[in-house]
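Student:
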Amino acid sequence: MNNRTKTWTETDYTLRKEESDLNLNPNEWNEATETNDSINSHVFPQTNEPASKKGSASKKGSADRKLPADRKETHPGNISPAPEAPQEGSPASEEGRGLRSYGWNDSWQERLETTRKQTGISGLEPARIVAQFSHLYRLAAESGEHLAEVTGRYSFDALRKTDYPAVGDWVLASVPKPGDSSRASIHALLERSSALIRKEAGQVQDGQVVAANMDYLFLTTAMNHDFNLRRIERYLVAAWESGSTPVVLLTKADLADDPDDLVRQVEDAAPGVPVHAVSAQENQGLEQLRPYMRPGATIAVAGSSGVGKSTLLNWLAGSEEQRVQGVRGGDDRGRHTTTHRELFRLPGGALLMDTPGMRELQLWDSE
0 MNNRTKTWTE
10 TDYTLRKEES
20 DLNLNPNEWN
30 EATETNDSIN
40 SHVFPQTNEP
50 ASKKGSASKK
60 GSADRKLPAD
70 RKETHPGNIS
80 PAPEAPQEGS
90 PASEEGRGLR
100 SYGWNDSWQE
110 RLETTRKQTG
120 ISGLEPARIV
130 AQFSHLYRLA
140 AESGEHLAEV
150 TGRYSFDALR
160 KTDYPAVGDW
170 VLASVPKPGD
180 SSRASIHALL
190 ERSSALIRKE
200 AGQVQDGQVV
210 AANMDYLFLT
220 TAMNHDFNLR
230 RIERYLVAAW
240 ESGSTPVVLL
250 TKADLADDPD
260 DLVRQVEDAA
270 PGVPVHAVSA
280 QENQGLEQLR
290 PYMRPGATIA
300 VAGSSGVGKS
310 TLLNWLAGSE
320 EQRVQGVRGG
330 DDRGRHTTTH
340 RELFRLPGGA
350 LLMDTPGMRE
360 LQLWDSE
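Under numbering that gives the first Met the number 0, the first residue of the sequence shown carries the number 0, and numbering increases by one thereafter.
1. Could you say if the stretch 244 to 257 and the stretch 268 to 284 meet the contact criterion of at least three C-beta pairs nearer than 8 Å?
2. So the beta strand (DSSP E) L171 belongs to, where does it begin and stop?
3. In this structure, what does DSSP give as the bridge partners for P245?
4. For S309, does the three-state DSSP call read helix, strand or coil?
5. Alpha carbon to alpha carbon, how far is S180 from R230? Give it in angstroms, no decimals.
6. Please report the straight-line C-alpha distance between A211 and A268, rounded to a whole angstrom.
7. Quick check: what's the CA-CA separation for P164 versus Q264?
8. What did DSSP end up calling L188 once you bin it into helix, strand or coil?
9. As a quick exercise: from K251, L98, A183, N313, pick the residue whose alpha carbon is nearest that of E148.
10. Locate the beta strand (DSSP E) running through G302, then write down its first and last residues.
11. With DSSP collapsed to three states, give me the class of E109.
12. Kindly indicate the opening and closing residues of the beta strand (DSSP E) around G143.
13. Give the DSSP-derived three-state secondary structure of P250 in the structure shown.
14. What does the alpha-carbon distance come out to for the pair T118 and A187?
15. Roughly how far, in whole angstroms, is the beta-carbon of A140 from the beta-carbon of E124, given that I think they are within contact range, below 8 Å?
16. Among S192, L189, D162, R96, which one has its Cα closest to the Cα of R207?
17. Between V166 and E341, how many whole angstroms is the CB-CB distance? I'm expecting something under 8 Å.
18. Mind checking which residues open and close the alpha helix (DSSP H) that includes A268?
19. Just the C-alpha distance for V262 and R191, rounded to the nearest angstrom, thanks.
20. With the cut-off set at 8 Å, would you say R197 and A237 are in Cβ contact?
21. Count the other CB atoms within 10 Å of the CB of T113; is the residue buried (16 or more) or exposed (fewer)?
22. Where does T338 land, buried or exposed, given buried means 16+ other C-beta within 10 angstroms?
23. My output table needs one value for R99: the three-state DSSP class, helix, strand or coil.
24. Taking Cβ to Cβ, would you say G348 is nearer than 8 Å to S193?
25. Grab the span of the alpha helix (DSSP H) containing E286 for me, first residue to last.
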């Protein structure tokens, strides 16, 4: 894999240097960086997986009711249960071996074969979407990272926006050979194991895939003026609908007069859902999160702007992956540090997906 390491404080000169490395002309580079930079990679020590415990939420949810403990979750879109991580010593397929650091395993190999049979497409290789821009993607393939776009046939067959790839998706793609500066082409989407979908602003029926194929969904809210129990409940409803396991992170614990009381409020509202109080500034609570960061696990982070998502990512990665901006004085609302979705490799071999801040998360119904 091509492991480029850089910070978010680089100058345009450095960005243009990367443009040269990717063999892009200025127009292509401008398209690919309309909102932010590309993916960084890191390799860290191994950790173990916790016993997962799922809380509950009804499909539509309500700001005024508790989340029932016996709900049966349903999943929007084309989703099936998440593939299990390969067991120690299990035979590894030669195909996709170089993608295991991005979460590829033998179960995804089975889905790949199923997709090939269903679509009749052969001769293409699997790749994972690691960044999404306005109409371009960056994918990780065996040969490294490539800018990519969907084919005309893909666009013709797509019935709605949720049919298009999102960060975290596995796809079938044709990848240019070494020395070829052309873009990769995305031909098909592997069936998702989970997907966080929200109603798109201004649209009646269309949805937006915020994150795909995540094992855990870290729902973040700050322990200050941003704390809103009803919003947390709505996020939990969306998390259960996504097919992933929710984990509530109460950030900026150092600012709370009584953090234990806020933790109890969330635990009462969502029985069985793990709730952790953390503070990146005080280096508090990191050990509570290590068990989730098993090798190959994908974790998506969602929450309002300014609650400390990017600071949390920096803290977990041990480096300044995302440029951290302060919150506005008085209302604790952020300045949207994260402006697009992106996938990072983190400690223990896990993958963390940062998403733009969401003040509200309207549920999307696929029916």
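Yeah, the Cβ is synthetic: ideal placement off N, Cα and C, and Gly gets one too. This structure is a prediction, so every number in the text was calculated from the model and none was measured.
Tutor: Judging by the given coordinates:
1. Yes: at least three Cβ pairs fall under 8 Å.
2. Here the beta strand (DSSP E) through L171 covers 169 to 173.
3. L216.
4. Looking at S309 - three-state DSSP - the assignment turns out to be helix.
5. Answer to the nearest angstrom: the Cα atoms are 46 Å apart.
6. Spanning the two alpha carbons is a distance of roughly 26 Å.
7. Note on geometry: alpha-carbon atoms of P164 and Q264 lie some 37 Å from one another.
8. In the structure shown, L188 adopts extended strand secondary structure according to DSSP, grouped into three states.
9. Nearest Cα to E148 within the set K251, L98, A183, N313: A183.
10. Per DSSP, the unbroken beta strand (DSSP E) holding G302 starts and ends at 297 to 302.
11. Note: E109 maps to helix in three-state DSSP.
12. Where G143 is concerned, the enclosing beta strand (DSSP E) stretches over 143 to 149.
13. In the sequence under discussion, the amino acid at residue 250 is Thr, which differs from the Pro named in the question. The DSSP-derived three-state label of T250 is strand.
14. Separation of T118 and A187 (C-alpha to C-alpha, rounded to the nearest whole angstrom) is 8 Å.
15. For A140 against E124, the beta-carbon gap comes to about 6 Å, under 8 Å, which counts as contact.
16. The identity of residue 207 in the sequence shown is Gln, whereas the question assumes Arg. Ranking S192, L189, D162, R96 by CA distance to the CA of Q207 puts D162 first.
17. At roughly 6 Å, the Cβ-Cβ gap stays under 8 Å, so V166 and E341 are in contact.
18. Where A268 is concerned, the enclosing alpha helix (DSSP H) stretches over 258 to 268.
19. Spanning the two alpha carbons is a distance of roughly 32 Å.
20. Contact flag set, yes.
21. Exposed, since its Cβ has fewer than 16 Cβ neighbours within 10 Å.
22. With a pLDDT of 47 at T338, under the threshold of 50, the modelled position of this residue cannot be trusted; read the value that follows with caution. Looking at its Cβ environment, which holds fewer than 16 other Cβ atoms inside 10 Å, T338 is exposed.
23. Helix, per DSSP.
24. Cβ distance not < 8 Å, so G348 and S193 don't count as in contact.
25. E286: member of the alpha helix (DSSP H) spanning 285 to 288, first to last residue.
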